[in-house]
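**Student:** Let me give you the structure first, and then I'll get to my questions.
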Amino acid sequence: MKLRPDTFAMTATLAMLTALGPLSTDFYLPSLPDIGGFFGAGTARAQATLSFFLFGFAFGQILWGPLSDRMGRRPVLFMGLGLFALATAACAFAPSIEALIGARFLQALGASGPIVLGRAMVRDLYEGPRAGRELARMGMIMGLVPAIAPFLGGFLHEAFGWRATFIASLAFGLVLIGIVDALLPETLRRRLETPFSLTALLGDFAILLENRAYRAYVALTALAYSGLFAFISGSSFVLIEVYGLSPKAYGLSFGFGVLGYISGTIIAQRLVNSRGIDGVIALGVGCLAAGGAIMLAAVLLVGERAGVGPSLAVSLPMALYAAGVGLVMPQSQAAAMMPFPERAGAASSLSGISQMTLSALVGLFVGQILAGAALPLPLVIATIGLVALLVFRLTRAIRAARR
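Going letter by letter, the sequence shown gives residues 10 to 412 in my numbering.
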């Protein structure tokens, strides 16, 4: 029996599809410092396994969304999941840091399909605030993955080494393929008749970019996630190498941000009907700016003394920033796709491309400036939070016009 809309099983399945990307990053975070040491690579090259993943994620989204608008969601979903499984196996047995970086790029190409198509399927099935609420529900369920993944990754790393995290990711991907094959129906009601080509692709993206409100919501999505990714890409080096946490303790510390994100998605579900999409985003950008500012002030206050206590200067304010991400991202994604039901795949793709490209650039920048110090990380996160708040305020009239 295929899954039906407005059921928990459908929401959970779509959430698992969108969780494939976070799983692929968060699972091996506790291993990042040791991966660099294992291959004789420095911090910047080890961190490149994260940033090149995001470049692959961005590049893959150029293809999957527009292709699914023409072929259907299920066939394209199987392509992405299959590529993910093959590339994850290559990551597990990579013989060098260069091979791992390349395999991570291919892994991201595959993982980008499920997350793009999961959001597009929400637009296929739901309208208006209901779509925003569904994406928030998916975010709440998806948040369990990064809650568990760093801790489990730290355990697997200490017990079996860094390659074990990729083997576990491969198992998760294979389970997803079975679930999609058995339970997930085709949700696309009407396919675009124009053939897939570079000209058609650019035409789809041009139509989207003509809408100024779409551009504003995509910018908010990209800024919110890039601050989160700055933490993802730099936190293991700061919390493990600067503040002296063990991989397991780092996994637990990472949980503060996850709890914040889940809390944000829960609040969004409860407020979106009464406050509307923009009302929820307003609360979220305030959390982004406040979380970054508090982290910066706290790190300046406590310095870089090793220990669990000083490390809370980073992890506790990150919970507030992550709550802002849970408030901003699902609503901004829903609002961006809403005017384009016939191009939901392309709208999801272009949003994801922007989000991942900016985040990859931020991640590379963080890798270059960390240099064994804690302060650069909150500086980046605080700056991004402030910019998100400014963008939201400056685009108020544009978003109100919805065009």
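Using N, Cα and C, we set each Cβ at its ideal position, and we do this for glycine too.
In this text, all values refer to a predicted model and were calculated from it rather than measured experimentally.
#1: Beta-carbon within less than 6 Å of A55's beta-carbon, same chain only, minus the 5 sequence neighbours each way: which residues are those?
#2: Taking the alpha helix (DSSP H) that R132 falls in, what are its first and last residues?
#3: Going by the CB atoms, is the gap between F240 and I390 shorter than 8 Å?
#4: Mapping the DSSP letters down to three states, classify K257 as helix, strand or coil.
#5: Taking buried to mean at least 16 other C-beta atoms within 10 Å of its own C-beta, is V184 buried or exposed?
#6: Which same chain residues, not among the five before or five after L373, have their C-beta less than 6 Å away from its C-beta?
#7: Where are the alpha helix (DSSP H) runs, 4 residues long or more, that stay fully inside the stretch 291–371, in chain order?
#8: Specify the secondary structure class of S40 as computed by DSSP and reduced to three states.
#9: Between which two residues does the alpha helix (DSSP H) containing S33 stretch?
#10: Any chance the stretch 282–291 sits against the stretch 184–196, with 3 or more Cβ pairs inside 8 Å?
#11: Cα separation between L237 and L367?
#12: Hey, A369 and A168: beta-carbon distance below 8 Å or not?
#13: Between the stretch 343–351 and the stretch 138–146, do three or more beta carbon pairs fall short of 8 Å?
#14: For A103, does the three-state DSSP call read helix, strand or coil?
#15: Apart from the five residues on each side of it in sequence, which residues of its chain come closer than 6 Å, Cβ to Cβ, to G127?
#16: Taking the straight line between their C-alpha atoms, what separation do you get for E136 and G316?
#17: With a threshold of 6 Å on Cβ separation, who are the neighbours of R221 within its own chain once the five nearest residues in sequence on each side are excluded?
#18: Can you round the beta-carbon distance between T404 and A225 to whole angstroms, since I take them to be within the 8 Å contact cut?
#19: Could you check the C-alpha separation between T274 and S121 for me, to the nearest Å?
#20: Distance check for V396 and E351, CA to CA, integer angstroms please.
#21: For R146, which residues from the same chain have a beta carbon less than 7 Å from its beta carbon, with the 5 sequence-adjacent residues on both sides left out?
#22: Considering just the uninterrupted stretch of the alpha helix (DSSP H) at L237, what are its terminal residues?
#23: Considering Cα atoms alone, identify which of L217, Q70, L398, M88 is closest to V189.
#24: Does the separation of the CB atoms of P123 and A355 fall below 8 Å?
#25: Between which residues of its own chain and A209 is the CB-CB distance below 6 Å, once the five residues before and five after are set aside?
#26: Across the stretch 306–324 and the stretch 373–389, are there enough close Cβ pairs to call them in contact, namely three or more that are closer than 8 Å?
#27: Sort A353, L379, A299 by Cα distance to L398 and report the nearest one.
#28: Taking 8 Å as the threshold, find out whether the stretch 254–267 comes into contact with the stretch 153–162 through three or more Cβ pairs.
#29: Go through its chain and collect everything with a Cβ distance to A98's Cβ below 6 Å, but skip five positions before and after it.
#30: Identify which residue in L310, A258, Y223 has its Cα closest to the Cα of A409.
#31: For A177 and L153, what's the separation of their Cα atoms in angstroms?
#32: Would you mind stating whether G6 and V227 have Cβ atoms separated by less than 8 Å?
#33: Compute the Euclidean distance between the alpha carbons of A191 and R13, then round it to the nearest angstrom.
#34: Tell me whether the stretch 111–121 and the stretch 29–40 touch, counting them as touching only if at least three CB pairs, one residue from each stretch, are closer than 8 Å.
#35: Quick one: using the 10 Å Cβ neighbour count with 16 as the cut-off for buried, is L297 buried or exposed?
**Tutor:** Concretely, from the data shown:
#1: Against the sequence shown, residue 55 aligns to sequence position 46. Here A55 has L41, I44, G45 as same chain residues with Cβ atoms under 6 Å from its own Cβ, once five neighbours each way along the sequence are excluded.
#2: In the sequence shown, the residue the question calls residue 132 occupies position 123. Start and end: 106–134.
#3: As a first step, residue 390 must be located in the sequence shown, where it is residue number 381. As a first step, residue 240 must be located in the sequence shown, where it is residue number 231. In this structure, F240 lies closer than 8 Å to I390 by Cβ.
#4: The sequence position of residue 257 within the sequence shown is 248, counting from 1. Here K257 sits in helix by DSSP.
#5: The residue you call residue 184 lines up with position 175 of the sequence shown. V184 comes out exposed.
#6: To locate residue 373, count along the sequence shown from 1; it is residue 364. If we look at L373 and ignore the five residues flanking it on each side, its Cβ neighbours are S60.
#7: As far as the stretch 291–371 is concerned, its whole alpha helix (DSSP H) runs of at least 4 residues are 317–346.
#8: The count along the sequence shown starts at 1 and reaches residue 40 at position 31. Here DSSP, grouped into helix, strand and coil, assigns S40 to helix.
#9: Residue numbering aside, residue 33 sits at position 24 when the sequence shown is read from its first letter. It spans 29–35 - the alpha helix (DSSP H) in which S33 sits, taken as one unbroken run.
#10: Taking 8 Å as the limit for Cβ pairs, the verdict is that the stretch 184–196 does not touch the stretch 282–291.
#11: In the sequence shown, counting from the first residue as 1, residue 237 sits at position 228. In the sequence shown, counting from the first residue as 1, residue 367 sits at position 358. Roughly 12 Å separates the two Cα atoms.
#12: As a working mapping, residue 369 is identified with position 360 in the sequence shown. As a working mapping, residue 168 is identified with position 159 in the sequence shown. Contact: no.
#13: Touching, per the Cβ criterion.
#14: Locating residue 103 in the sequence shown gives position 94, where the first residue counts as 1. DSSP places A103 in the coil class of the three-state scheme, outside both helix and strand.
#15: Taking the first residue of the sequence shown as position 1, residue 127 is located at position 118. Excluding positions up to five away in sequence, the list reads L23, L26, T27.
#16: In the sequence shown, residue 136 corresponds to position 127, counting from 1. In the sequence shown, residue 316 corresponds to position 307, counting from 1. Each residue's Cα considered, the two are about 48 Å apart.
#17: Numbered from 1 along the sequence shown, position 212 holds the residue referred to as residue 221. So the qualifying residues of the chain are I407.
#18: Looking up residue 404 in the sequence shown gives position 395. Looking up residue 225 in the sequence shown gives position 216. About 4 Å separates the beta carbons of T404 and A225, which is inside the 8 Å limit, making them a contact pair.
#19: What you label residue 274 is simply residue 265 of the sequence shown in a count that begins at 1. What you label residue 121 is simply residue 112 of the sequence shown in a count that begins at 1. Taking the straight line from one Cα to the other gives about 22 Å.
#20: Against the sequence shown, residue 351 aligns to sequence position 342. Against the sequence shown, residue 396 aligns to sequence position 387. Our two residues, E351 and V396, have alpha carbons roughly 32 Å apart in a direct line.
#21: Along the sequence shown, one-based indexing puts residue 146 at 137. Sequence-distant partners of R146 (beyond 5 residues in either direction) whose C-beta falls short of 7 Å from its own C-beta, in its chain, are T20, Q278.
#22: Residue mapping note: residue 237 aligns to position 228 of the sequence shown, counting from 1. Per DSSP, the unbroken alpha helix (DSSP H) holding L237 starts and ends at 221–245.
#23: To locate residue 189, count along the sequence shown from 1; it is residue 180. A check of alpha carbon separations from V189 across L217, Q70, L398, M88 identifies M88 as the nearest.
#24: As a first step, residue 123 is located in the sequence shown; it is residue number 114 there, counting from the start. As a first step, residue 355 is located in the sequence shown; it is residue number 346 there, counting from the start. At least 8 Å separates the beta-carbon of P123 from that of A355.
#25: Here the question's residue 209 lines up with position 200 in the sequence shown. Excluding sequence neighbours, A209 sits near T203.
#26: Touching, yes.
#27: Mapped onto the sequence shown, residue 398 falls at position 389. From the listed residues A353, L379, A299, the smallest Cα separation to L398 is found for A299.
#28: Enough Cβ pairs lie closer than 8 Å, so yes.
#29: Residue numbering aside, residue 98 sits at position 89 when the sequence shown is read from its first letter. Cβ neighbours of A98 beyond the five flanking positions: L179.
#30: Your numbering for residue 409 matches position 400 in the sequence shown. Ranked by how close their Cα comes to the Cα of A409, the residues L310, A258, Y223 have Y223 in first place.
#31: In the sequence shown, the residue the question calls residue 177 occupies position 168. In the sequence shown, the residue the question calls residue 153 occupies position 144. Their backbone Cα atoms lie some 16 Å apart in a straight line.
#32: Past the boundaries of the shown model lies residue 6; the chain is included only from 10 to 412, so the question cannot be answered.
#33: The residue you call residue 191 lines up with position 182 of the sequence shown. The residue you call residue 13 lines up with position 4 of the sequence shown. Spanning the two alpha carbons is a distance of roughly 13 Å.
#34: As far as the Cβ criterion goes, the stretch 111–121 touches the stretch 29–40, which means the pair count is three or higher.
#35: Walking along the sequence shown from the start, residue 297 turns up at place 288. With 16 or more Cβ atoms within 10 Å of its Cβ, L297 is classed as buried.
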